[in-house]
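Taken in order, the sequence shown gives residues 65 to 554; the numbers are from my numbering. Just below is one structure, and these are the notes that go with it.
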Amino acid sequence: MEPFRSEKVVAVVLDGQGSLHAQLTRALRGGILQGQFPPGSRLPATRWLASELGVSRNTVLAAYEQLRAEGFVDGLVGSGTYVAPPMHDGPAPPPPRTDAPPQSAYARRARATYEGSRIPGLRIPGMRFSFQYGVPLTNPALTTAWARALSRAARYTRPDYPGRQGLPELREAICDYLARRRGIRASPDDVLVVAGTQQALALTARVLLDPGDAAAIEEPHYFAIRMVLAIHGARVRTVPVDAQGIRCDALPVPPARLVCVTPSHQFPTGSVMSLARRLQLLDYARRHDSWVFEDDYDGEFRYDSKPLAALRSLDEQGRVVYVGTFSKAIFPALRMGYLLMPPALRADFLAAKWAEDLGSPAIEQVALANFMRDGGFERHLRRTAKTLKERRAALIAGLQACGRGRLDIADSRAGMHLVVWLRGRSRADGETLIALARGRGLGLYPIDPLYADPPDRAGLLMGYCGLSTREIGQAMQVFGACLDELFPAG
Numbered sequence: 065m066e067p068f069r070s071e072k073v074v075a076v077v078l079d080g081q082g083s084l085h086a087q088l089t090r091a092l093r094g095g096i097l098q099g100q101f102p103p104g105s106r107l108p109a110t111r112w113l114a115s116e117l118g119v120s121r122n123t124v125l126a127a128y129e130q131l132r133a134e135g136f137v138d139g140l141v142g143s144g145t146y147v148a149p150p151m152h153d154g155p156a157p158p159p160p161r162t163d164a165p166p167q168s169a170y171a172r173r174a175r176a177t178y179e180g181s182r183i184p185g186l187r188i189p190g191m192r193f194s195f196q197y198g199v200p201l202t203n204p205a206l207t208t209a210w211a212r213a214l215s216r217a218a219r220y221t222r223p224d225y226p227g228r229q230g231l232p233e234l235r236e237a238i239c240d241y242l243a244r245r246r247g248i249r250a251s252p253d254d255v256l257v258v259a260g261t262q263q264a265l266a267l268t269a270r271v272l273l274d275p276g277d278a279a280a281i282e283e284p285h286y287f288a289i290r291m292v293l294a295i296h297g298a299r300v301r302t303v304p305v306d307a308q309g310i311r312c313d314a315l316p317v318p319p320a321r322l323v324c325v326t327p328s329h330q331f332p333t334g335s336v337m338s339l340a341r342r343l344q345l346l347d348y349a350r351r352h353d354s355w356v357f358e359d360d361y362d363g364e365f366r367y368d369s370k371p372l373a374a375l376r377s378l379d380e381q382g383r384v385v386y387v388g389t390f391s392k393a394i395f396p397a398l399r400m401g402y403l404l405m406p407p408a409l410r411a412d413f414l415a416a417k418w419a420e421d422l423g424s425p426a427i428e429q430v431a432l433a434n435f436m437r438d439g440g441f442e443r444h445l446r447r448t449a450k451t452l453k454e455r456r457a458a459l460i461a462g463l464q465a466c467g468r469g470r471l472d473i474a475d476s477r478a479g480m481h482l483v484v485w486l487r488g489r490s491r492a493d494g495e496t497l498i499a500l501a502r503g504r505g506l507g508l509y510p511i512d513p514l515y516a517d518p519p520d521r522a523g524l525l526m527g528y529c530g531l532s533t534r535e536i537g538q539a540m541q542v543f544g545a546c547l548d549e550l551f552p553a554g
């Protein structure tokens, strides 16, 4: 858009963002605030300005009317529009600061935690192959089915605020699914629909923790759990895991107010919490009046047996906050999950959710409820599990072929990723391998950001969801060549 010049020979340029009258309003308002249009100066006639800009006169009239309503101009259209006198004396205020320090204790913690953390797993641009964790499985059939479900839901969803707890039909569908697939008996009154695991954890921290309270997490762990708890002000304590899950004999004393676990498929190691450990953890929570946050992030995907019963199914004292998500089962863009509220905390969670966002989007809830009730969701899960099993097998075969005694594969027979250790190699060796691979178009990701205190051992987190079996085979050729160059097999 060409600039125009007022009677004071001041250029005004439309920024191209939004409607034409909004662009013109912003341009004129900015000129007035910056002194380009001094008090008392006459704005161009509406017909002339419309002609200069190539817009309708109504567009200019709307912009002038908005400025008049805001107090920036005076006068009547037809007899001239003039910049109003300043509302205060003295020089113009300085521009707003962009480097202001955090204004609250929460903001200080948030900025320090976020800026000081190494966010793992972000997509590396320019990679031909990427073993990034957390990317969705590309599925044209799902995309088509979801588009139909959204379109149908949009026609029949009431255009009012959704209930803070979630739509009844979705909560009923979630309860039915959990009873059949996860061994959990719950009523729709127990379910709170949330915007994924991240919001579920944030709400749990707000409900259960005051700044300074202790919260225990697994070591290693999903990095966002540590960050969210730290931002909330919790004193985060890490507890080691082994082949049976979190080590209950290492739980904090004095006790933690909240213990966060991934019992069905520990992230990232893949270990499954044994029955004995599950009972010990529930006993710890009961004895110390603590709470357990059970993150069941990908419990749908096991490849050698049926999905395991959740920890919540053993909870007879109401100490477990169970969280499930549709980010892995469907795709992350949906931003939808659910939380099972312990009866004693139901009122607190509902109040916290209301304060957060009033309620989750209604159209997506209706679409998801229909998708679950008509069987589309579980058909999609079966297809996805079959595809992921094939990709997992291709990755394991490729690693075994190129490893030749140099790799240890932590195969959990579940989920969407593998942990791979370079036998006898340091973290520095791992970084060298990652850099070489990236130079050849292969995206590899280290495991050490998932530790609060990482071991001096080279490890990789390899997500296989975003690559086809053919691409995995090609990527393994590059991976093997990098291994041979840096660490020749003995």
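Here a beta-carbon is modelled for each residue, glycine too, at the ideal position from N, C-alpha and C. Note that the coordinates shown come from a computational prediction; the quantities given were computed from them, not determined experimentally.
Flag residue i as yes if its beta-carbon sits less than 8 Å from any beta-carbon of chain B, otherwise no.
i	result
Pro284	No chain B is present in this structure, which holds just one protein chain.
What is the DSSP secondary structure of residue i, counted as helix, strand or coil?
i	result
Phe357	strand
Pro396	helix
Phe68	With a pLDDT of 42 at Phe68, under the threshold of 50, the modelled position of this residue cannot be trusted; read the value that follows with caution. Note: Phe68 maps to strand in three-state DSSP.
Arg383	coil
Leu256	strand
Asp79	coil
Gln119	Per the sequence shown, residue 119 should be read as Val rather than Gln. Val119 falls in the coil class under three-state DSSP.
Pro204	helix
Glu420	helix
Ala539	helix
Phe365	coil
Ala278	strand
Cys324	strand
Ser490	coil
Pro102	coil
Pro510	strand
Val292	helix
Val271	helix
Ala373	coil
Asp224	coil
Asp163	coil
His285	coil
Phe331	coil
Ala516	coil
Sort the options by Cα distance to residue i and report the nearest one.
i	options	result
Gln263	Ile289, Leu497 and Pro252	Ile289
Leu459	Leu531, Leu256 and Thr177	Leu531
Glu495	Ala213, Leu113 and Ala522	Ala522
Ser143	Gly118, Glu134, Ala109 and Ala133	Ala109
His296	Leu432, Ala174 and Val430	Ala174
Glu454	Ala340, Asp138 and Arg366	Arg366
Cys529	Thr202, Gln98, Thr261 and Leu117	Thr202
Gln196	Ala416, Val119, Gln167 and Gly527	Gly527
His329	Ala340, Gly363 and Ala314	Gly363
Ser105	Ala478, Arg443, Asp138 and Leu315	Asp138
Ile498	Pro149, Pro160 and Leu524	Leu524
Arg25	Asp438, Ser476 and Arg399	In the structure displayed, the chain extends from 65 to 554; residue 25 sits before or after that span and is not available.
Val257	Ser120, Tyr402 and Gly488	Tyr402
Arg299	Val292, Leu315, Ala278 and Val325	Ala278
Pro425	Leu267, Arg246 and Arg222	Arg222
Ser391	Leu346, Phe441, Ala415 and Ala411	Phe441
Using C-beta distances below 8 Å, list every residue in its chain close to residue i, excluding the 5 sequence neighbours before and after it, in chain order.
i	result
Glu283	Thr302, Val303, Pro304, Val305, Tyr515, Ala516 and Asp517
Ala474	Thr333, Gly334, Leu482, Val483, Val484 and Trp485
Arg12	One cannot answer for residue 12 here, as it falls past the ends of the chain, which runs 65 to 554.
Glu549	Leu500
Near residue i, what residues of its chain come up, given a Cβ to Cβ distance below 6 Å and the 5 sequence neighbours on each side ignored?
i	result
Leu500	Cys546
Met337	Gly309 and Pro327
Quick one: what's residue i bridged to in DSSP?
i	result
Ile473	Val484
Ile310	Val305
Asp138	Tyr146
Leu409	Paired residues: none, contrary to the question.
Tyr402	Val257 and Gly388
Met526	Leu482
Val300	Ala279
Phe193	Leu506
Which same chain residues end up closer than 7 Å to residue i when comparing Cβ atoms and leaving out the 5 residues on each side of it in sequence?
i	result
Arg342	Pro327, Leu375 and Leu378
Arg437	Ala237
* Would you check if there are 3 or more beta carbon pairs closer than 8 Å linking the region 325–345 to the region 297–314? => Under the three-pair Cβ rule at 8 Å, the region 325–345 counts as touching the region 297–314.
* Asked: Does the pairing of the region 352–365 with the region 309–327 give three or more beta-carbon distances under 8 Å?
  -> Contact between the region 352–365 and the region 309–327 is present, because at least three Cβ pairs lie under 8 Å.
* Counting Cβ pairs closer than 8 Å, one from the region 219–226 and one from the region 534–543, do we hit at least three? -> These segments do not touch.
* Are the region 463–474 and the region 417–433 touching by the rule of at least three beta carbon pairs closer than 8 Å? -> Taking 8 Å as the limit for Cβ pairs, the verdict is that the region 417–433 does not touch the region 463–474.
* Asked: Touching or not, the region 268–286 and the region 241–252, by the rule of three or more beta carbon pairs under 8 Å?
  -> Two segments are said to touch when three or more pairs of C-beta atoms, one from each, lie closer than 8 Å; by this definition the region 268–286 does not touch the region 241–252.
* **Touch test, the region 209–219 against the region 184–199, Cβ-Cβ under 8 Å, three pairs minimum** => As far as the Cβ criterion goes, the region 209–219 does not touch the region 184–199, which means the pair count is below three.
* Take every Cβ of the region 91–99, pair it with every Cβ of the region 126–137, and state whether three or more of those distances are shorter than 8 Å. => When Cβ pairs closer than 8 Å are counted between the two stretches, the region 91–99 is seen to touch the region 126–137, the count reaching three or more.
* Can you find at least 3 beta carbon pairs, one from the region 421–440 and one from the region 233–240, that sit closer than 8 Å? -> Touching, yes, given that three or more Cβ pairs across the two stretches are closer than 8 Å.
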